[in-house]
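Below is one structure; the comments refer to it alone.
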Amino acid sequence: MNIFRLTGDLSHLLAIIILLVKIWKTRSCAGISGKSQLLFALVYTTRYLDLVSTYISAYNTFMKLIFICASYATVYLIYMKFKATYDHNHDTFRVEFLILPSFVLSLLINHDFAVLEILWTFSIYLESVAILPQLFLVSKTGEAESITSHYLFALGSYRGLYLLNWIYRYYAESHYDLIAIVAGVVQTVLYCDFFYLYVTKVLKGKKLQLPA
Amino acid sequence: DKAEETHDEL
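Line by line, the protein sequences are chains A and B. Numbers in the working numbering are just positions in the first sequence, counted from 1, shifted up by 822. Numbers in the working numbering are just positions in the second sequence, counted from 1, shifted up by 51.
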């Protein structure tokens, strides 16, 4: 565990909490892509199947359980409890275009052709693009609430911090995982445009609005 | 490629 990984994990946790609290407090999931949240639930489920086979640490187990439970809770709030507020007219990204290529790629490029390993690889590939429906929704409506922007910033920062973690581990532990690194770079790059808008607008107290 | 036996990251 190094400082980059810890802050990355905490940033990830913060993102999930921000989203849950926002939906709960406002009793609304307007502006949130249910499809991205479904993809994240799929990501955590397929990645953390090793909970039953491999013990790493209490911290690791605890965080995995939190991520899985929180993602299912979010999906429940969007599709069941606050369904009436869900923006399904704008949430029209075709998720099969993300799920199928991720799955095929995980069959082709993986560390080991074993069920758990392929599902882990699939989750890494899918996570890298899972935010696209959310970014698509923001681009369709042309704006995002500040709290949604904070959520996206925390979520995007997490993989960016993991990039620093991977650089650190490469030098400190001679450890690297090319699949995670390449997918992590892709994931972080997808947020760049958003990061720019976040710094130039949201941090200056303005609403995140895209140019018409 | 130097993949670990287990994936210790989240």
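Even for Gly, the Cβ is constructed at its ideal location relative to N, Cα and C. All values derive from a computational prediction rather than experimental measurement.
Check: If distances are taken between C-alpha atoms only, which option among A:Phe1016, A:Leu986, A:Ala1005 and A:Ile888 comes closest to A:Leu842?; Outcome: A:Ile888
Check: Taking Cβ positions only, does A:Lys857 come closer than 9 Å to chain B?; Outcome: no
Check: Since I believe A:Thr963 is in contact with A:Gly830 (beta carbons under 8 Å), could you give me their beta-carbon distance rounded to a whole number of angstroms?; Outcome: Going by Cβ atoms, the distance from A:Gly830 to A:Thr963 rounds to 29 Å, so no, they are not a contact pair.
Check: Please check if any C-beta of chain B sits within less than 9 Å of the C-beta of A:Thr876.; Outcome: yes
Check: Could you check which residue in A:Ile921, A:Thr867, A:Lys1023 and A:Trp988 has the C-alpha nearest to that of A:Ser968?; Outcome: A:Lys1023
Check: Using a 10 Å radius around the Cβ and a threshold of 16 neighbouring Cβ atoms, would you call A:Asn824 buried or exposed?; Outcome: exposed
Check: Let's test the definition: count the other Cβ atoms within 10 Å of the Cβ of B:Glu60 and tell me whether it reaches 16, buried, or not, exposed.; Outcome: buried
Check: Go ahead and label B:Lys53 buried or exposed: buried means 16 or more other beta carbons lie within 10 angstroms of its beta carbon, across all protein chains shown.; Outcome: Its pLDDT being 42, under 50, B:Lys53 is placed unreliably in this model, and the value from its coordinates should be taken loosely. When all chains shown are included, B:Lys53 counts as exposed.
Check: Which residues in the same chain as A:Leu920 place their Cβ atom closer than 6 Å to its Cβ, once the five residues preceding and following it in sequence are excluded?; Outcome: Val951
Check: Would you mind sorting A:Gly1027 into buried or exposed? The rule is 16 or more other CB atoms within 10 Å of its CB.; Outcome: exposed
Check: Under three-state DSSP, which class holds A:Glu949?; Outcome: helix
Check: Once you ignore the five residues that flank A:Ser928 on each side, which residues in its own chain have a CB closer than 6 Å to its CB?; Outcome: Ile940, Thr943, Phe944 and Tyr947
Check: If you follow the alpha helix (DSSP H) that A:Lys962 is in, where does it begin and where does it stop?; Outcome: Leu954 to Thr963
Check: Just to make sure I have the definition right: I need the residues of chain B whose C-beta is within less than 9 Å of the C-beta of A:Asn882. Which are they?; Outcome: Asp59, Glu60 and Leu61
Check: Could you check how far apart the C-beta atoms of A:Tyr984 and A:Gly1006 are, in whole angstroms? I think they sit under 8 Å.; Outcome: 5 Å
Check: Going straight from the alpha carbon of A:Leu959 to that of A:Asn987, what length do you get?; Outcome: 30 Å
Check: How long is the line joining the alpha carbons of A:Thr914 and A:Leu1025, rounded to whole angstroms?; Outcome: 29 Å
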